[in-house]
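Structure record follows, encoded as structure tokens.
In this note's numbering, the protein residues as written are 1436 to 1597.
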């Protein structure tokens, strides 16, 4: 099924995930990697990206600046925008629960407070091969959910009285 068949137009992919600060990225790296892996990769965020790629994880950390602070978007989903505007989707409760199960709050509570955000893929980076397939998966999920909601609404309508 093509993108156009799925939704009638080619949407714009927005990434949704956690906006992590440098201390949060450092904590995440130290929970999952050795100091040797971190040093060999050239830093914590690069080490996490290298691990994701090696494990075939369809995600990454995307650096961005907001209010003169550098953040890293820990991508959890790719959301289609059908009108070109930011969908402003937040991280779902099951994804947050999975993150908590895997990483907890960090060794010193660095990961206790997580903020979600949604943004475009930066033009300065090559588009990863997983970006559009993940967006199509999300579009299919959204279409199926909408179809189920319409069917449920039809079942709730009162029967025609003759």
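The C-beta atom is built at its ideal place from N, Cα and C for all residues, glycine as well.
Predicted, not measured: the structure shown is a model, and the values here were computed from it.
Simplified DSSP assignment, three categories, for residue i
{"i": "residue 1561", "result": "coil"}
{"i": "residue 1474", "result": "helix"}
{"i": "residue 1446", "result": "coil"}
{"i": "residue 1586", "result": "helix"}
{"i": "residue 1592", "result": "coil"}
{"i": "residue 1438", "result": "Caution applies to residue 1438, whose pLDDT of 48 falls short of 50 and renders its modelled position unreliable; the value that the coordinates give is listed next. Helix."}
Boundaries of the beta strand (DSSP E) in which residue i is found, first to last residue
{"i": "residue 1542", "result": "From DSSP, residue 1542 is part of no beta strand (DSSP E); its letter is neither H nor E."}
{"i": "residue 1508", "result": "1504-1516"}
{"i": "residue 1460", "result": "It is not in any beta strand (DSSP E) - residue 1460 instead sits in the alpha helix (DSSP H) that spans 1457-1467."}
{"i": "residue 1552", "result": "1551-1555"}
Given residue i as reference, the closest of the options once Cα atoms are compared
{"i": "residue 1578", "options": "1517, 1559, 1562 and 1546", "result": "1517"}
{"i": "residue 1463", "options": "1568, 1479 and 1495", "result": "1479"}
{"i": "residue 1629", "options": "1456, 1565 and 1491", "result": "As displayed, the chain neither begins before 1436 nor continues past 1597, which places residue 1629 out of reach and without an answer."}
{"i": "residue 1538", "options": "1446, 1460 and 1445", "result": "1460"}
{"i": "residue 1446", "options": "1580, 1549 and 1569", "result": "1569"}
{"i": "residue 1532", "options": "1545, 1487, 1591 and 1549", "result": "1549"}
Range of the contiguous alpha helix (DSSP H) that encloses residue i
{"i": "residue 1493", "result": "Residue 1493 -> no alpha helix (DSSP H), and no H or E assigned at all."}
Beta-carbon separation (whole angstroms), residue i vs residue j, contact threshold 8 Å
{"i": "residue 1451", "j": "residue 1495", "result": "13 Å between Cβ atoms; not a contact."}
{"i": "residue 1521", "j": "residue 1449", "result": "6 Å"}
Heavy atom of the ligand SAH within 6 Å of residue i beta-carbon
{"i": "residue 1576", "result": "The ligand SAH is not part of the structure shown, which contains no ligands of any sort."}
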